[in-house]
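A.B. asks:
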Amino acid sequence: MARRSKSAVEDYPVDIVENIVDIDVSAEMESSFLEYSYSVIYSRALPDARDGLKPVQRRILYMMQQMGLRPDKGHVKSARVTGEVMGKLHPHGDAAIYDAMVRLAQPFAMRLPLVDGHGNFGSLDDGPAAARYTEVRMDPSATALTADLDEDVVDFVPNYDNQFMQPSVLPAAFPNLLVNGTTGIAVGMATNMAPHNLREVIAGTRHLIANPDATLKDIMKFIPGPDLPSGGTIVGLGGIRDAYEGGRGTFKTRAKVSIEQVSARKQGIVVTELPYMVGPEKVIEKIKDGVNSKKLTGISDVVDLTDRQQGMRLVIEVKNGFNPQAVLAALYKHTPLEDSFGINNVALVDGQPQTLGLLGLLHVYINHRLSVVRRRTEFRLGKRRDRLHLVEGLLIAIVDIDEVIQIIRSSDETAQARERLMKVFDLTQVQANHILELRLRQLTKYSRIELETERDKLAEEIAELERILGSDMALRELVSDELAEVAEKYGTDRRTVLKSKDDMQSAIEAVSAGASKAKKSLGLALEIADEPCWVVLSASGMMGRTPGKPMREALADPGKRLKHDVFTSVVPATARGEIGAVTSTGRMVRLSVMDVVVLEESAGAPVLNSGVKVSEVVSLAKGEKLVGLVPLNEVLALATANGVIKRVNPEYPLNQAEWDVIKLKPKDAVVAAAACASDDNALTLVTQDAKLLTFDAAKVRPQGRGGGGIAGIKLGAQDAVIALGVTAPGTTAEVVTVTDGKDGLASVKVTPLAEYPQKGRATGGVRAHRFLTGESKLALAWVGVGPAKAGTQGGVARSLPTEYGSRDGSGVTLTQTIGTVGPNYAALTAQSTVSPDGEKLF
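In numbering that gives the first Met the number 0, the protein residues as written are 0 to 841.
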């Protein structure tokens, strides 16, 4: 450190008198800290309980009104408003002013925005653009807060340098503190108030105006709880009542979700509303952290599909085999999809911070509004009395206007003219001055009529204003009516759903207890149990699985069956098992049962319309068709169009998703596939030329996947196999045959399979249907136990004859016109035991 030179020391004046004041540090710190605390509490952080605004917010709205930025005017740059507020009223940085103005314009932060912003005002995950890029003007609701400021309704105070005046509080035509809520951190205290619905708040306020002794229970009938800008659900109303009683309480906000089928194989949790002030990016980040830390399981992906058209949409894909409800409970537990909101109703009342309940807040606002309306009424009364005084003087002067003019012309100066007018016509000085300032055009006869009309109108208005000021009830009625007009003009429907408690809350509480305990106490296991089910394929190509219920049980009651598509394949399986899908090209695709959509139930029966298209589950090439669904652990029987029959051993590769089960010759295709484990079963082939051949399955030795099969039935020219039936010994099997028909009409016949003799394999079989005039081939054939209906690929079921036809006889015409036939037909399986109209079939 450099030393001062001797000459520099000698330059000091010799007559300096030292005056060192000793100050107690603790006293100075206490005084300075109290001043700072008061400044933060009163001038920055806490809102006024009357208008619900902090000083910076109040100054922004007042300055925008002074600048003429009304809703019917154009937007101006935000930087211009920020500069005006900072330069004239708010002695702080422009960043703080702009941030406060941005919040007033954000619809996700304010239940009723007060600033109409144009541009990027940010989101829950991103900040706004700079003030030089955005534009603002007053929102229509803000005009209700600043209305009547020019009528001496509130006190004005000087700004920080005594150059401008500013309102100490805004008139506030609605309870802004409750409607929009607020948050702020002061010194030694903080405030956090929840937004509410404008209509509900005004309804409660009006009730309290009319009934000043109303209880909290009475008011809560109108204001049941907060209404958050983002919607969602509030669970647990006890904390809300605590806050309404004493000013402090806590409640939980929960996202609005639904379980949807997001793809053909996956279910997902779709979030359409988030808790208050929670953004999607924060939720996604927490979900990823939970998956990485193993707190969350069963989630495969999270996709944010939010856009301007459909709004908020966050899709959380659930892995197959996991219960979406259990996954949702874990998400509520470990992510912001459920969040807590702590109410702390601290606001300034007469300049002092107080913690207020709902009744306290409403009483403060009502007293403020009564004062505003009373002062406005007094101001208007004074203005109308002053005007009436002038009008009465003018009427006196106009009666004898010639003498008035003569007095003015004969006077030497204005003062003399004023005195003579006051003396001659008994006028006051104010009236005389006003007459002296008259223009000649105001002396016409028409002006007198106008003055008399104005006098009468003023008298009526004065009487009404005096009535309001003279009656507390009239004043309260006026305030109540004005509040009703605001609710009608700016009110919106409730967005947030209120729930005292739901079943999900119990599931959330049990998440941390482990899956076993959750399953035991709630029946809500995280992973879906490996329960028995049936996988079904319909005639119109819809696929689904039953919800853990055997098909015969689901369809046993004829009164529970609804009209729907017919089944073409029904395979027993388990929820975590696998099945095979055989296509016309001889390809088998491995399908996880968990990937198959669970069918909805109606009156206990599965509804096929709730399934998904086969094309969304199995990828099919052009011209390739799905022949049927089969189990993977049984011997399989296949039939091709060229009459080939094959039984396949279930020796399928474990590490492949698909493989060939038959080696087809050119221009051949698989037409049917069914399980055939026993050699005692009978195999039945039916061709489109109405030939039927049945023989024992023992005559067809099971082959490997690469085998090409053996001859099943001998075909004639242009003939082809259209159906394969596998029937067990001792069962009453039946044969259904349907022709192509003429002009859209078809004939159908049901015949016991026992009437057809067994023939040797690779023979021509016997005739199964005699064609009528106009019939040339079979469009559909089916062999099995207990058929009742035939259906088209469009999903329309058709009645079958109730009486058997002869073995080689013709059929009976179907009762309804079915339109195009041929490939549009499909058949029922033996499990379809109930008709669409509820008739028991067998």
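We treat Cβ as the ideally placed atom computed from N, Cα and C, and that holds for glycine. Owing to the predicted nature of the structure, the values given are computational and were not obtained by experimental measurement.
In the DSSP output, what is residue 405 paired with across the bridge?
C.D. replies: By 1-based counting over the sequence shown, the position of residue 405 is 406. BP columns for residue 405 are empty, so no partner.
A.B. asks: How big is the Cα-Cα spacing for residue 769 and residue 808?
C.D. replies: For this step, residue 769 is matched to residue 770 along the sequence shown. For this step, residue 808 is matched to residue 809 along the sequence shown. So the two alpha carbons sit approximately 5 Å from each other.
A.B. asks: What are the uninterrupted segments assigned as alpha helix (DSSP H) that are 4 or more residues long and contained completely in the stretch 116 to 165, given in chain order?
C.D. replies: 139 to 145, all fully within the stretch 116 to 165.
A.B. asks: Between the Cα of residue 537 and the Cα atoms of 475, 673, 611 and 47, which residue gives the shortest distance?
C.D. replies: One-based indexing of the sequence shown puts residue 537 at position 538. Residue 537 has its Cα closest to that of 611, out of 475, 673, 611 and 47.
A.B. asks: Distance, Cα to Cα, residue 781 vs residue 663?
C.D. replies: Counted from its first residue, the sequence shown places residue 781 at position 782. Counted from its first residue, the sequence shown places residue 663 at position 664. The straight-line gap from Cα to Cα measures roughly 23 Å.
A.B. asks: Going by beta carbon distance, what residues of the same chain come within less than 7 Å of residue 697, once the five residues before and after it are set aside?
C.D. replies: Numbered from its first residue, the sequence shown carries residue 697 at position 698. Closer than 7 Å at Cβ, skipping near neighbours: 678.
A.B. asks: Using 10 angstroms around the beta-carbon of residue 304, count the other beta-carbons present and answer buried if the total reaches 16, otherwise exposed.
C.D. replies: Taking the sequence shown and counting its residues from 1, the one referred to as residue 304 is at position 305. By the 10 Å Cβ count, residue 304 comes out exposed.
A.B. asks: In chain order, which continuous runs of the alpha helix (DSSP H) of length 4 or greater are located wholly inside the stretch 229 to 268?
C.D. replies: Fully enclosed alpha helix (DSSP H) runs of 4 or longer: 237 to 245.
A.B. asks: Measure the alpha-carbon distance for residue 42 versus residue 145 and round it to whole angstroms.
C.D. replies: For the purposes of this step, residue 42 is taken as residue 43 along the sequence shown, with counting starting at 1. For the purposes of this step, residue 145 is taken as residue 146 along the sequence shown, with counting starting at 1. So the two alpha carbons sit approximately 20 Å from each other.
A.B. asks: Whose CA, out of 214, 333, 112 and 184, lies closest to the CA of residue 195?
C.D. replies: Counted from its first residue, the sequence shown places residue 195 at position 196. The candidate whose alpha carbon is nearest that of residue 195 is 112.
A.B. asks: What residues in its chain sit with their C-beta under 8 Å from that of residue 475, if we drop five residues either side in the sequence?
C.D. replies: Stepping through the sequence shown from its first residue, residue 475 is reached at position 476. Answer for residue 475: 208, 209 and 369, listed in chain order.
A.B. asks: Would the stretch 418 to 430 and the stretch 462 to 479 be scored as touching if the rule is three or more Cβ pairs under 8 Å?
C.D. replies: Result no; under three Cβ-Cβ pairs closer than 8 Å.
A.B. asks: Just to confirm the assignment, what range does the beta strand (DSSP E) spanning residue 43 have?
C.D. replies: The sequence position of residue 43 within the sequence shown is 44, counting from 1. Looking at the DSSP string, residue 43 is not in any beta strand (DSSP E), and its letter there is neither H nor E.
A.B. asks: Is DSSP giving residue 339 helix, strand or coil here?
C.D. replies: For the purposes of this step, residue 339 is identified with residue 340 of the sequence shown, where counting begins at 1. In this structure, residue 339 counts as strand in the three-state DSSP scheme.
A.B. asks: Alpha carbon to alpha carbon, what distance is there between residue 598 and residue 561?
C.D. replies: Position 562 of the sequence shown, counted from the start, is the residue given in the question as residue 561. Position 599 of the sequence shown, counted from the start, is the residue given in the question as residue 598. Confidence in residue 561 is poor, its pLDDT being 40 and thus under 50, which makes the residue's placement too unreliable to answer from.
A.B. asks: Let me know if residue 452 comes out buried or exposed under the rule of 16 or more other beta-carbons within 10 Å of its beta-carbon.
C.D. replies: Indexing the sequence shown from 1 puts residue 452 at position 453. Residue 452 should be labelled exposed.
A.B. asks: Return the chain-ordered ranges of every alpha helix (DSSP H) run that is complete within the stretch 421 to 472 and spans a minimum of 4 residues.
C.D. replies: Whole alpha helix (DSSP H) segments, 4+ residues: 428 to 435 and 444 to 469.
A.B. asks: For the ligand COA, is there a heavy atom less than 7 Å away from the beta-carbon of residue 83?
C.D. replies: Inclusion of the ligand COA in the displayed structure is not the case, the ligand content being empty and no account of it being possible.
A.B. asks: Go through its chain and collect everything with a Cβ distance to residue 577's Cβ below 7 Å, but skip five positions before and after it.
C.D. replies: Position 578 of the sequence shown holds residue 577. Closer than 7 Å at Cβ, skipping near neighbours: 589, 590, 591, 592 and 631.
A.B. asks: Would you tell me roughly how many angstroms separate the C-alpha atoms of residue 281 and residue 334, rounded to the nearest one?
C.D. replies: Translated into positions along the sequence shown, residue 281 becomes position 282. Translated into positions along the sequence shown, residue 334 becomes position 335. If you take the alpha carbons of residue 281 and residue 334, they lie about 9 Å apart.
A.B. asks: Along the alpha helix (DSSP H) that carries residue 587, what are the first and last residues, could you check?
C.D. replies: The sequence position of residue 587 within the sequence shown is 588, counting from 1. Looking at the DSSP string, residue 587 is not in any alpha helix (DSSP H); the run it does join, the beta strand (DSSP E), is 586 to 591.
A.B. asks: Would you kindly work out how many angstroms separate the C-alpha atoms of residue 433 and residue 467, rounded to a whole number?
C.D. replies: Walking along the sequence shown from the start, residue 433 turns up at place 434. Walking along the sequence shown from the start, residue 467 turns up at place 468. Spanning the two alpha carbons is a distance of roughly 30 Å.
A.B. asks: Within the stretch 17 to 95, note down every full beta strand (DSSP E) run reaching 3 residues or more, in order along the chain.
C.D. replies: Here no run is fully enclosed.
A.B. asks: Any chance you could list the alpha helix (DSSP H) runs of at least 4 consecutive residues sitting entirely within the stretch 664 to 714, in chain order?
C.D. replies: Listed in chain order, there is nothing to give.
A.B. asks: Per DSSP, residue 353 is paired with what?
C.D. replies: Residue 353 sits at position 354 when you count from the first residue of the sequence shown. Paired residues: 346.
A.B. asks: DSSP on residue 323, reduced to helix/strand/coil?
C.D. replies: If you number the sequence shown from 1, residue 323 lands on position 324. Three-state result, residue 323: helix.
A.B. asks: Specify the secondary structure class of residue 391 as computed by DSSP and reduced to three states.
C.D. replies: Translated into the one-based positions of the sequence shown, residue 391 becomes position 392. Residue 391 falls in the helix class under three-state DSSP.
A.B. asks: Whose CA, out of 312, 75, 365 and 460, lies closest to the CA of residue 302?
C.D. replies: In the sequence shown, the residue the question calls residue 302 occupies position 303. Closest by alpha carbon: 312.
A.B. asks: Given residue 261, which residues of its chain have a CB within under 8 Å of its CB, disregarding the five upstream and five downstream residues?
C.D. replies: Residue 261 sits at position 262 when you count from the first residue of the sequence shown. Answer for residue 261: 267, 269, 314 and 316, listed in chain order.
A.B. asks: Say whether the stretch 342 to 359 touches the stretch 226 to 234, bearing in mind that this needs 3 or more beta-carbon pairs closer than 8 Å, one atom from each stretch.
C.D. replies: Judged by Cβ distances under 8 Å, the stretch 342 to 359 makes no contact with the stretch 226 to 234, as fewer than three pairs qualify.
A.B. asks: Which residue comes first and which comes last in the alpha helix (DSSP H) that contains residue 201?
C.D. replies: In the sequence shown, residue 201 corresponds to position 202, counting from 1. 197 to 209 is the extent of the alpha helix (DSSP H) around residue 201.
A.B. asks: From this set, 622, 198 and 147, which residue's C-alpha is nearest residue 377's C-alpha?
C.D. replies: In the sequence shown, residue 377 corresponds to position 378, counting from 1. Of the listed residues, the one whose Cα sits closest to residue 377 is 147.
A.B. asks: Whole angstroms are fine: how far does the CA of residue 380 sit from the CA of residue 460?
C.D. replies: By 1-based counting over the sequence shown, the position of residue 460 is 461. By 1-based counting over the sequence shown, the position of residue 380 is 381. If you take the alpha carbons of residue 460 and residue 380, they lie about 8 Å apart.
A.B. asks: Output the boundary residues of the alpha helix (DSSP H) element that contains residue 170.
C.D. replies: Against the sequence shown, residue 170 aligns to sequence position 171. Counting along the chain, residue 170 falls outside any alpha helix (DSSP H), and DSSP gives it neither H nor E.
A.B. asks: Using a 10 Å radius around the Cβ and a threshold of 16 neighbouring Cβ atoms, would you call residue 64 buried or exposed?
C.D. replies: Here residue 64 is taken as the residue at index 65 of the sequence shown, counted from 1. Its Cβ being crowded by 16 or more others within 10 Å, residue 64 is buried.
A.B. asks: Tell me, please, which residues DSSP counts as bridged to residue 189.
C.D. replies: For the purposes of this step, residue 189 is identified with residue 190 of the sequence shown, where counting begins at 1. Paired residue(s): 184.
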